[in-house]
Amino acid sequence: MASLLSLSTTRLLFLRRSPPQQLHCPSHRPAAPVTCGPRDNRGKLLRGRTLSTEAILAVQALKRAAAAGDEPRVHRIVSVDLGRLIKADLLAALAELQRQNEWGLALKAFTAARREPWYRTDLAFYAEMVSSLARCGAPDEIDALVAGLLKDEEGWISSENTKDISRLVRALVAAEKAKLVIDVYRNLKSGGFEPDEFLFKFLIRGLRRLGEDAAAEEVERDFEVWYECGNLPVEPLPI
């Protein structure tokens with residue numbers, strides 16, 4: 001009996017003196033995702049959050065070929081490498097070229113995007129490209145870009161695009177492209193588009209500022225008709 005009491009006492013003393021054991025529970029928090037992207041302060045991509053490996057390689061190859069003056073290789077990369085990218089990767093590559101002020105290459109990438117079956121006219125992109133090309137001193141590229149829009153693009157003359165149409169007109173006025181402003185307005189009229197009051201007044205002010213008084217008066221007359229009866233004339237502007 002005494003031996004049993006002694007054994008119990010020893011066990012109690014051992015339990016009291018033993019340091020508390022720390023239990024290590026596995027963490028169930030999900031690991032933070034790691035993405036590859038630009039490492040500078042240029043801001044987020046305009047379209048798409050990150051560049052895939054394929055998009056990065058295509059952009060790098062395109063820039064190397066352009067720097068080497070290898071135009072056939074540039075054409076091949078645009079036609080083949082960019083053409084293989086899925087929609088999100090191609091748009092992300094295009095946005096990355098824009099962010100790096102590679103506007104000549106961005107125009108080539110845009111040409112590749114326009115060939116894709118998923119492409120839809122993006123007037124906001126056109127407005128952005130016009131502004132950027134104007135800053136870079138590339139008036140001929142602006143002419144070619146907008147001429148392509150007016151000649152080849154379909155479905156952009158819509159009341160749903162009023163905001164982006166206004167952005168494009170503002171960009172053209174800022175770039176001092178009076179003839180293109182008139183061409184855009186003429187296409188809007190022939191397409192049955194009715195500008196809102198803001199766009200009418202901006203066109204009138206912009207054309208006057210660019211020295212196109214006759215065109216501004218024509219727009220002003222159209223505005224008066226629209227304001228009175230909501231029916232825009234279909235006669236084209238005099239050029």
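Residue 35 in the UniProt record's numbering sits at position 35 of the sequence shown, and the numbers go up by one each step.
All C-beta atoms in this analysis are idealised placements derived from N, C-alpha and C, irrespective of residue type, glycine included.
None of these values were measured; they are calculated from a predicted model.
Check your understanding: Are there three or more Cβ pairs, one per stretch, closer than 8 Å when the region 122 to 134 is compared with the region 157 to 173?
Key -> yes
Check your understanding: Taking contact to mean at least 3 C-beta pairs separated by less than 8 Å, is the region 139 to 158 in contact with the region 197 to 210?
Key -> no
Review point. Applying the criterion that 16 or more other CB atoms from any shown protein chain within 10 Å of the CB defines a buried residue, is Ile-86 buried or exposed?
Key: exposed
**Study point:** Inside the region 149 to 185 only - alpha helix (DSSP H) runs reaching at least 4 residues
**Key:** 162 to 174
Check your understanding: Which same chain residues, not among the five before or five after Ala-55, have their C-beta less than 7 Å away from its C-beta?
Key -> Leu-85, Asp-89, Ala-92, Ala-93
**Study point:** Per-residue DSSP class, three states only, for Trp-226
**Key:** helix
Exercise for review: Look at the alpha carbon of Glu-153 and the alpha carbon of Lys-179, and state the distance between them as a whole number of angstroms.
Suggested key: 19 Å
Exercise for review: Kindly indicate the opening and closing residues of the alpha helix (DSSP H) around Tyr-126.
Suggested key: 123 to 135
Point to revise | Reduced DSSP category for Asp-213 - H, G, I as helix; E, B as strand; rest coil | key: helix
Practice item. Select from Ile-165, Tyr-185, Leu-210 the residue whose C-alpha is nearest the C-alpha of residue 272. Key: Nothing can be reported for residue 272: it is not among the residues displayed for the chain, which extend from 1 to 239.
Point to revise | C-beta atoms of Asn-187 and Leu-150 nearer than 8 Å | key: yes
Review point. Which one of Val-219, His-75, Arg-114, Gly-191 has the shortest CA to CA distance from Leu-105?
Key: His-75
Review point. Which two residues bound the contiguous alpha helix (DSSP H) that contains Glu-96?
Key: 87 to 99
Review point. Out of Val-80, Glu-71, Phe-125, which has the shortest C-alpha to C-alpha gap to residue 240?
Key: The shown model of the chain, from 1 to 239, leaves out residue 240, and the question about it has no answer.
Check your understanding: How is Phe-198 classed by DSSP in three states: helix, strand or coil?
Key -> helix
Practice item. Just tell me which of Leu-51, Val-59, Glu-176 has its CA closest to the CA of Lys-108. Key: Val-59
Review point. When the Cα atoms are used, what is the spatial distance from Trp-103 to Arg-209?
Key: 28 Å
Exercise for review: Please classify Phe-193: does DSSP put it in a helix, a strand, or coil?
Suggested key: coil
Check your understanding: How would you call Arg-42, buried or exposed, if buried means at least 16 neighbouring beta carbons within 10 angstroms?
Key -> Note that Arg-42 has pLDDT 38, beneath the 50 cutoff, so the model's placement of it is unreliable and no number is given.
Point to revise | Spatial neighbours of Glu-176 in its chain, beta-carbon cut-off 7 Å, leaving aside the 5 residues before and after | key: Leu-210
Review point. If you draw a straight line from the alpha carbon of Val-225 to that of Lys-63, how long is it in whole angstroms?
Key: 52 Å
Check your understanding: In chain order, what residues of the same chain have a beta carbon less than 6 Å from the beta carbon of Gly-191, not counting five sequence neighbours either side?
Key -> Ile-157
Exercise for review: May I have the straight-line CA-CA distance separating Arg-120 from Lys-163, to the nearest angstrom?
Suggested key: 16 Å
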